[in-house]
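There are 4 protein chains.
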Amino acid sequence: MTTKMTAAELDAYLDEVFPQLHYGGRTFFVEAVGPMSARMRCDYHEKHLRPGGTLSGPTMMALADLALYAAILAQIGPVPLAVTTSLSYNFLRKPAPMALIGECRLLKLGRRLAVGEVAIRSQGESELVCHATGTYSIPAGP
Amino acid sequence: MTTKMTAAELDAYLDEVFPQLHYGGRTFFVEAVGPMSARMRCDYHEKHLRPGGTLSGPTMMALADLALYAAILAQIGPVPLAVTTSLSYNFLRKPAPMALIGECRLLKLGRRLAVGEVAIRSQGESELVCHATGTYSIPAGP
Amino acid sequence: MTTKMTAAELDAYLDEVFPQLHYGGRTFFVEAVGPMSARMRCDYHEKHLRPGGTLSGPTMMALADLALYAAILAQIGPVPLAVTTSLSYNFLRKPAPMALIGECRLLKLGRRLAVGEVAIRSQGESELVCHATGTYSIPAGP
Amino acid sequence: MTTKMTAAELDAYLDEVFPQLHYGGRTFFVEAVGPMSARMRCDYHEKHLRPGGTLSGPTMMALADLALYAAILAQIGPVPLAVTTSLSYNFLRKPAPMALIGECRLLKLGRRLAVGEVAIRSQGESELVCHATGTYSIPAGP
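Chains as they are written, first to last, in the numbering used here: chain A, 1 to 142; chain B, 1 to 142; chain C, 1 to 142; chain D, 1 to 142.
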């Protein structure tokens, strides 16, 4: 079983459609994709820092949103109009100032809606720092 | 009835504790605070742009998180260790490339948890582009 | 401006399509509908009771789901296949053992998705006991 | 590694503190508990039925809430004042009219807050019908 886009193709696609994502220096990368799944990395950057030497909530939120997007596009191909309709986050621990890994697993990939969950950890760690669930609306085909 | 911090004091406090928030140019401002409420503005900036001339999800997510934070601190004063424990977003319409206004109303301000909702609109518009709810954990006092 | 179904029509429709809702005695009633809104009541019943003389979470959750359903059907008419795709709840205070009122306001009524929020209070009280947001998927028309 | 309460002890405790849960016939049972986890079953009952031969949303919502409660109490013992502060649900597929299994995994068990996710499936099936996340507030110890 294979995906419709590879991690490298997704990275190139994100560069093309979301160039502003890399404002101030690129930090988001698709690490891997698989059936109903994707793994994104967010490298450490000063712009993500918050007081106490931790990383900002919006950094984790962007990572989860992108991991979900990558997981969906890996399955269905480059559908530009897939849009996030909802996202829910539980912030569990303060992340250390280092790279974050977001692992997305799709719970449903319907014709019109895709739903997934994303587990975020500091790179190399086992404890979750954030857990997210989200829904994308997929436009009707031609 | 008054608040413990004014909008100007909150802006100064955010500058002090969240300097990286303004990476690439300051865009977030506390516009007003009141009993159980706050209003934040996010000015338009190229870094928030997404394809199709709309604004990114993380921009709206950051605005809601900050509006909730401002509403809470306006009531309880500068408690640095108040942390977001959960946030849920519904994305309703694509925002135009212009300033966003986030209006927060606290639904509960307990001793340990504060819960609020945030309505996000394009400046001067009446339709919601995003609706958020969130919870902050408030550390035990001395 | 008017709605496509009245409160009485919605009550009759719920009786017809959700007869098991009233298992053990009818407690849910549509009180009012309006443009983008509906108000549901859940009468006190022993089956909703929880220790400490409060009402169960599932009672509030069902009330919010029904208020959202009533608000949507009031606008679009009796579409039987509208289904809940997501619900999020914040439980704010323990409700007293008395009737609950759920007031729903639709935030978006799209062609495929409807999103709303529901404020739940004890009857006659002003403080919220629960706040909910939810999304319904609306089937494509004929 | 062991838990502070067994499945049988939790079942007896639920009977004692939530007797109204079984109104109209007992359907909820703790099947198993483990480190940071619990499995609940909800047997089929006519009161859970909805049109089209499916099960009601509130049935799944109650199952998730109870599975989370059982998973927490299994770890910390019978703390009566643990209360749900938030729950979020994604409804993925219509469940068949048969028993449901809710498997809870705790994502965090803090001193004041516990967070978990619950996967709900029809008994014997592998596909999720509902996914939930929730937070309980744990009262301060003596």
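Virtual Cβ for every residue (Gly too), placed ideally from N, Cα, C.
> How big is the Cα-Cα spacing for residue 43 of chain D and residue 93 of chain A?
Replying inline: For the purposes of this step, residue 43 of chain D is taken as residue 43 along the fourth sequence, with counting starting at 1. For the purposes of this step, residue 93 of chain A is taken as residue 93 along the first sequence, with counting starting at 1. Residue 43 of chain D and residue 93 of chain A: Cα-Cα distance of roughly 36 Å.
> Can a CB atom of chain B be found closer than 7 Å to the CB of residue 108 of chain C?
Replying inline: Counting from one through the third sequence, the residue named residue 108 of chain C turns up at place 108. Yes, residue 108 of chain C lies at the interface with chain B (some Cβ there is under 7 Å from its Cβ).
> From the beta carbon of residue 88 of chain D, is the nearest beta carbon of chain A less than 7 Å away?
Replying inline: For the purposes of this step, residue 88 of chain D is taken as residue 88 along the fourth sequence, with counting starting at 1. Taking Cβ atoms only, chain A reaches closer than 7 Å to residue 88 of chain D, which makes this a yes.
> Counting only runs that start and end within the segment 41-109 of chain D, where is the beta strand (DSSP E) found for 3 or more residues in a row?
Replying inline: Taking only runs of at least 3 residues, the beta strand (DSSP E) segments lying wholly in the segment 41-109 of chain D are 83-91 and 100-109.
> Using a C-beta to C-beta distance shorter than 8 Å, which residues of chain C count as neighbours of residue 24 of chain D?
Replying inline: Along the fourth sequence, read from residue 1 onward, the residue named residue 24 of chain D stands at position 24. The contacting residues are 23, 24 and 47.
>> When you compare the CB positions of residue 37 of chain A and residue 105 of chain A, do they come within less than 7 Å of one another, or not?
In response: The residue you call residue 37 of chain A lines up with position 37 of the first sequence. The residue you call residue 105 of chain A lines up with position 105 of the first sequence. Taking the C-beta atoms as reference points, residue 105 of chain A is found nearer than 7 Å to residue 37 of chain A.
>> Please report the straight-line C-alpha distance between residue 78 of chain C and residue 98 of chain C, rounded to a whole angstrom.
In response: Locating residue 78 of chain C in the third sequence gives position 78, counting from the first residue. Locating residue 98 of chain C in the third sequence gives position 98, counting from the first residue. Distance between the alpha carbons of residue 78 of chain C and residue 98 of chain C: 30 Å.
> On the premise that residue 33 of chain B lies in contact with residue 82 of chain B, defined as a C-beta separation below 8 Å, what is that separation, rounded to the nearest angstrom?
Replying inline: If you number the second sequence from 1, residue 82 of chain B lands on position 82. If you number the second sequence from 1, residue 33 of chain B lands on position 33. Between residue 33 of chain B and residue 82 of chain B the Cβ distance is about 15 Å, and since that is not below 8 Å, they are no contact.
>> Residues of the segment 109-136 of chain A in Cβ contact with chain C at a cutoff of 7 Å, in chain order, please.
In response: Those would be 112, 113 and 135, in chain order.
> So what's residue 9 of chain A in DSSP terms, helix, strand or just coil?
Replying inline: The residue labelled residue 9 of chain A in the question sits at position 9 within the first sequence. Here residue 9 of chain A carries a helix assignment [DSSP, helix/strand/coil].
>> Let's test the definition: count the other Cβ atoms within 10 Å of the Cβ of residue 2 of chain A and tell me whether it reaches 16, buried, or not, exposed.
In response: The residue you call residue 2 of chain A lines up with position 2 of the first sequence. Under this definition residue 2 of chain A is an exposed residue.
>> Strictly below 8 Å CB to CB, what residues from chain B border residue 92 of chain C?
In response: Position 92 of the third sequence holds residue 92 of chain C. Ordered by position in chain B, the residues that pass the 8 Å Cβ test against residue 92 of chain C are 107, 108 and 115.
> Quick one: what does DSSP say residue 127 of chain A is sitting in, helix, strand or coil?
Replying inline: Here residue 127 of chain A is taken as the residue at index 127 of the first sequence, counted from 1. The answer is coil: DSSP assigns residue 127 of chain A none of H, G, I, E or B.
> Quick one: Cα of residue 85 of chain C to Cα of residue 90 of chain D, how far?
Replying inline: As a first step, residue 85 of chain C is located in the third sequence; it is residue number 85 there, counting from the start. As a first step, residue 90 of chain D is located in the fourth sequence; it is residue number 90 there, counting from the start. Near 6 Å, if we compare the C-alpha coordinates of residue 90 of chain D and residue 85 of chain C.
> With 16 other CB atoms within 10 Å as the buried threshold, where does residue 22 of chain A fall?
Replying inline: Here residue 22 of chain A refers to the residue found at position 22 of the first sequence. It is exposed - the Cβ of residue 22 of chain A has fewer than 16 other Cβ atoms within 10 Å.
>> I'd like the list of long-range same chain contacts for residue 39 of chain C, defined as Cβ closer than 6 Å, with 5 residues on each side in sequence excluded.
In response: As a first step, residue 39 of chain C is located in the third sequence; it is residue number 39 there, counting from the start. Excluding five sequence positions before and after residue 39 of chain C, the CB atoms of its chain that fall closer than 6 Å to its own CB belong to 31, 32 and 103, given in chain order.
>> Measuring alpha carbon to alpha carbon, tell me which residue in B/134, B/109 and B/51 is nearest residue 76 of chain B.
In response: Taking the second sequence and counting its residues from 1, one reaches residue 76 of chain B at position 76. It is B/109 whose Cα lies nearest to the Cα of residue 76 of chain B.
>> Measuring straight from C-alpha to C-alpha, what distance separates residue 53 of chain A and residue 100 of chain A?
In response: Here residue 53 of chain A refers to the residue found at position 53 when the first sequence is read from its first residue. Here residue 100 of chain A refers to the residue found at position 100 when the first sequence is read from its first residue. Rounded to the nearest angstrom, the gap between the Cα atoms of residue 53 of chain A and residue 100 of chain A is 14 Å.
> Within the 7 Å Cβ cut-off, does residue 85 of chain B reach chain A?
Replying inline: Taking the second sequence and counting its residues from 1, the one referred to as residue 85 of chain B is at position 85. Chain A contact via Cβ: present.
> For chain C, is any of its Cβ atoms less than 7 Å away from the one on residue 32 of chain D?
Replying inline: Within the fourth sequence, residue 32 of chain D is the residue found at index 32, counting from 1. False, the Cβ-Cβ gap to chain C never drops below 7 Å.
>> List, in chain order, every chain C residue whose beta-carbon is nearer than 7 Å to that of residue 157 of chain D.
In response: Limits of chain D in this structure are 1 at one end and 142 at the other, which puts residue 157 of chain D out of reach.
> Who does residue 113 of chain A pair with in a DSSP beta bridge?
Replying inline: Locating residue 113 of chain A in the first sequence gives position 113, counting from the first residue. DSSP, once it has assigned bridges, lists A/137 as partnering residue 113 of chain A.
> Given that residue 51 of chain A touches chain B, what residues does it touch there, using C-beta distances under 8 Å?
Replying inline: Position 51 of the first sequence, counted from the first residue, corresponds to residue 51 of chain A. Going along chain B in sequence order, the residues near residue 51 of chain A (Cβ under 8 Å) are 17, 18 and 80.
>> Measuring CB atoms only, is the segment 121-137 of chain B touching the segment 56-75 of chain B, in the sense that at least three cross pairs come out at less than 8 Å?
In response: Of all C-beta pairs linking the segment 121-137 of chain B to the segment 56-75 of chain B, three or more are shorter than 8 Å, placing the two stretches in contact.
>> Using a 10 Å radius around the Cβ and a threshold of 16 neighbouring Cβ atoms, would you call residue 122 of chain B buried or exposed?
In response: Working through the second sequence from its first residue, we reach residue 122 of chain B at position 122. Label assigned to residue 122 of chain B: buried.
> Who are the near neighbours of residue 50 of chain A in its chain, counting only those whose CB is closer than 6 Å to its CB and skipping five residues on each side?
Replying inline: Translated into positions along the first sequence, residue 50 of chain A becomes position 50. Cβ neighbours of residue 50 of chain A beyond the five flanking positions: 56.
>> Counting only Cβ pairs nearer than 7 Å, list the residues of chain B close to residue 62 of chain A.
In response: In the first sequence, the residue the question calls residue 62 of chain A occupies position 62. Residues of chain B passing the Cβ test: 58.
> How long is the line joining the alpha carbons of residue 136 of chain D and residue 80 of chain B, rounded to whole angstroms?
Replying inline: Numbered from 1 along the fourth sequence, position 136 holds the residue referred to as residue 136 of chain D. Numbered from 1 along the second sequence, position 80 holds the residue referred to as residue 80 of chain B. If I take the Cα positions, the gap works out to 24 Å.
> Which residue or residues does DSSP assign as beta-bridge partners of residue 39 of chain B?
Replying inline: Taking the second sequence and counting its residues from 1, one reaches residue 39 of chain B at position 39. DSSP lists B/32 and B/103 as partners of residue 39 of chain B.
>> Relative to the C-alpha of residue 87 of chain A, which candidate in A/24, A/115 and A/45 has its C-alpha closest?
In response: Stepping through the first sequence from its first residue, residue 87 of chain A is reached at position 87. Minimum Cα distance to residue 87 of chain A is reached at A/115.
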